[in-house]
Structure formats: structure tokens, C-alpha cells
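Participant: Mind having a look at this structure? Questions to follow.
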Amino acid sequence: MCGAYLEQLGYDVRVAASPRDALATLRGADEPNGAGRADDSREARRVSDSGEARRASDSGEARRAHGVDLVLSDILMPGGMSGVDLTRELRALDPGLPVVLMTGFSDRAGEVARDGFPVLRKPFDIGQLERELAAALARPDGSAAA
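FYI, the UniProt record's numbering numbers position 16 of the sequence shown as 16, with every residue one higher than the one before it.
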């Protein structure tokens, strides 16, 4: 459902199967010949546990070398790396890259928000998603709202 919302809002969506694949995709743009880039077969027009989204209108003029303008990720994911871990790694890689985390667990949402990460609580509707993504994209440093 999240992927359908993003498409309705005009976003192009690239999917990473895991947080590590998302990091590899972002790092790949900085390496010669795309070394370390996630396999193209992992990209799709939907969002799973970890997906990067960018406005379709900006696709030809991406403001970052890796072409990703925003990362939307669940907090809890299988594989040993959480959305919070991913966000910390992303902040080291690209400090201004906006990241929005999602969760259905209210105890995790409060804890993560206190750490300064924007959190979208599930379930959410398309309007809530649109507002949170717009707010994240409007913050020049990618941080949570004050």
C-alpha cells in the first residue's frame, strides 16, 4: 500500500531488499564503474521494508550523486540491521539526505523521535505520508523538525 501511495504522490521508487542493499546502492554512485551498486533486479516500483523515493519531476536533475532524494524505511527489519542503524549509516554517508522512519510500535516511535529521527506511525493515510515526506524534503539538513 505504501508504494501505491508514493506513486500517487508522484514519486519514483527504488527498492532495496535490505538496509545493507540500500547502503550499497548509495555507495555505488561514488565508486568507479558502479562497484558495490545493488543489482538492478532489486529495483522495483514499490516500497518494501526499505525503499528510497524521489519526485518523478526531479528524476533528471537529482540533487545528489546517487540520485536519491529521500529514504523511507521501516524501523524493525530482519537481517540484523534496523532502520535506525540504517539512518545512522546514511547520516555518515550523506548527512543531508532526508530519512523518514516508519513503525507500528508506539514505544519504538517515541524512542526514535527523541533521537532526532522523523517517525511516521502506522497505520497512516496518504495525506500523512505526503506531509511527512514534504517536511523531510524541506529540511535542508535532513534532520527531524525542531
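A virtual CB, placed ideally from N, CA and C, is assigned to each residue, including glycine.
Does S73 come out as helix, strand or coil in the three-state DSSP assignment?
Facilitator: Correct three-state label for S73: strand.
Participant: What's the gap between the Cα of G28 and the Cα of F105?
Facilitator: Near 32 Å, if we compare the C-alpha coordinates of F105 and G28.
Participant: S100 lies in the beta strand (DSSP E); which residues open and close that run?
Facilitator: A small fix is needed here, since residue 100 is Val in this sequence, not Ser. Start and end: 99-103.
Participant: Using CA coordinates, which residue listed in V100, A135, D69, Q8 is at the minimum distance from L26?
Facilitator: Closest by alpha carbon: D69.
Participant: Does DSSP put V68 in a helix, in a strand, or in coil?
Facilitator: V68: coil per DSSP, three-state reduction.
Participant: Leaving aside the five residues before and after A113 along the sequence, list all residues of the same chain whose C-beta is less than 6 Å from its C-beta, in chain order.
Facilitator: Closer than 6 Å at Cβ, skipping near neighbours: V119.
Participant: Is the beta carbon of L93 sitting closer than 8 Å to the one on F117?
Facilitator: No. Outside cutoff.
Participant: When we look at the beta-carbon of P98 and count the other beta-carbons within 10 Å, is it buried (16 or more) or exposed?
Facilitator: Answer is buried; the Cβ neighbour count reaches 16.
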